Structures are given as C-alpha cells and as structure tokens.
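Undergrad:
Residue numbers (my numbering), protein chains in the order written: chain A, 27 to 140; chain B, 17 to 129.
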C-alpha cells in the first residue's frame, strides 16, 4: 500500500525567505509524485509532478521539487516566499498499478509573514 | 474552456437522509474520480471511473456509490448520512492515462446535522 507523510502540519516563513515543505512517500513500485495547492474554500491546483526522467521538477509560481529515490522524498521548495503563497499544500503519490488513484498526505499549511 | 464543474457547491442534510453530488469533467476527459476531504485532513480516495466502468474503490462503506454516464459526467450518492460524512467532496477528471494530470473541481461542501 502507498502512503505519504508530510512533516510539519504548519510552516511559517517571512516574505522573501526560503520555503521548504517536506514529503516522504512509501511505494513498492516506481511512484508518480505530485504537489497540489489548495486555497481556502477551493479545489486543488497542481503545482508540479514527477513521473519519469529528470529528478528536479519545476512547477508553477516558482516552486520546484526534487525526487530522491534513496531517501524516498519529494520535498517542495521556493527560493523566495510571497504573501500569495499562503495556502495549504498537499503531496500525493500514484503509480501504474492504481490506475491513477492519488494517495494524499495530511497537508501543510504555509503562513507567510510580512 | 470550462474546468471541472461540481454541483451543488454547498448542501445541508439531516442524519439518515440521502444525497447526490454531481460532477461534469473537462471536455474530452474520460476519467472521473471522487475524493472526500474532512476538515484538517488530506483528500481520501472514494471511487474512480474510466469509460463508464469502475476502476477503483477506496475504503468506504457500501452507503457510498457512484456511476458515470455516457457523456462522462458522474454522480456520487451517499445513503443513510452520518454526522461523520460532513466533508468537502472533490471530483477530479483526467484525460485517461496513468501519469496525466488530475484536474479538480471546487468541491461540494456537505454538512450533515
């Protein structure tokens, strides 16, 4: 069975500071990995995804993530936080055997201070 | 182009009642999935349909059922509602492939009182 663990339910940074949101996964087969963002009272928007190929993945709004198989991690980073980045972020895993079913982590709420 | 549309946006039901939630996928998308997001948690997979056939079912009781229509829209039905069914219900559509992006709707907020 697949699982996702997001370390830290709340992360607080200052505007302009580095954003680091941590995600570790468990999968018995090569995974597909995703980061989604959710603004209050809205659905989920895809930030970036890893399927195959380059392990450093760039997404929208300046976010990127690196797939590290040896560490079973897929941490999300952004060099400089903006006030508009304040939201809840979800890491998710899928694979070829699950027909695209997504297994989500518990989420990390990002707060950005002026 | 219209995204994934869900209706209604909000719903209040009484314990024991039945509810039907609706989802229209992005034009051309043949796969629809349903997720339940309880406040403070990540979305939990309920069902996936592709080409009108059930392709996956999560760990939910038989009170939950779904179907996909010839036009690829979908309905999620929940019978005998419990207080614990209160959640945001999200629908996602995909073109069909395993590694294609899932596009989510705004969700239906169900409150059971």
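C-beta: ideal position from N, C-alpha, C; glycine also. Computed from a prediction, not measured in an experiment: that's the story for all the values here.
CB residue 70 of chain A to CB residue 85 of chain A, shorter than 8 Å?
TA: Cβ atoms of residue 70 of chain A and residue 85 of chain A: not closer than 8 Å.
Undergrad: Are the beta-carbon atoms of residue 12 of chain B and residue 39 of chain B separated by less than 8 Å?
TA: Residue 12 of chain B is absent from the model: chain B starts at 17 and stops at 129.
Undergrad: Which residues in chain A sit within 8 Å of residue 61 of chain B, going by Cβ to Cβ distance?
TA: Ordered by position in chain A, the residues that pass the 8 Å Cβ test against residue 61 of chain B are 127, 128, 129.
Undergrad: So within the stretch 30-114 of chain B, which uninterrupted beta strand (DSSP E) runs reach at least 3 residues, ignoring any that extend past its ends?
TA: Qualifying beta strand (DSSP E) stretches, in chain order: 35-40, 47-53, 60-66, 69-73, 80-84, 90-94, 103-110.
Undergrad: Could you tell me the distance, in whole angstroms, from the CA atom of residue 59 of chain A to the CA atom of residue 116 of chain B?
TA: Taking the straight line from one Cα to the other gives about 11 Å.
Undergrad: Assess, as a yes-or-no matter, whether the stretch 87-94 of chain B is touched by the stretch 124-134 of chain A under the definition of 3 or more beta carbon pairs within less than 8 Å.
TA: Not touching, per the Cβ criterion.
Undergrad: Do you know whose CA, among B:122, B:95, B:109, lies nearest residue 33 of chain B's CA?
TA: Measuring from the Cα of residue 33 of chain B, the nearest candidate turns out to be B:95.
Undergrad: Which word fits residue 52 of chain B, buried or exposed, when buried means at least 16 other C-beta atoms lie within 10 angstroms of its C-beta?
TA: Buried, by the Cβ-count rule.
Undergrad: How is residue 87 of chain A classed by DSSP in three states: helix, strand or coil?
TA: The answer is helix: DSSP assigns residue 87 of chain A an H, G or I state.
Undergrad: According to DSSP, residue 36 of chain A sits in a beta bridge with which residue or residues?
TA: Answer by DSSP bridge pairing, in chain order: A:135.
Undergrad: Measure the CB-CB distance between residue 103 of chain A and residue 90 of chain A and report whether it falls below 8 Å.
TA: Taking 8 Å as the Cβ cut-off, residue 103 of chain A and residue 90 of chain A qualify as a contacting pair.
Undergrad: Which of the three DSSP states is assigned to residue 96 of chain A in this structure?
TA: Coil, per DSSP.
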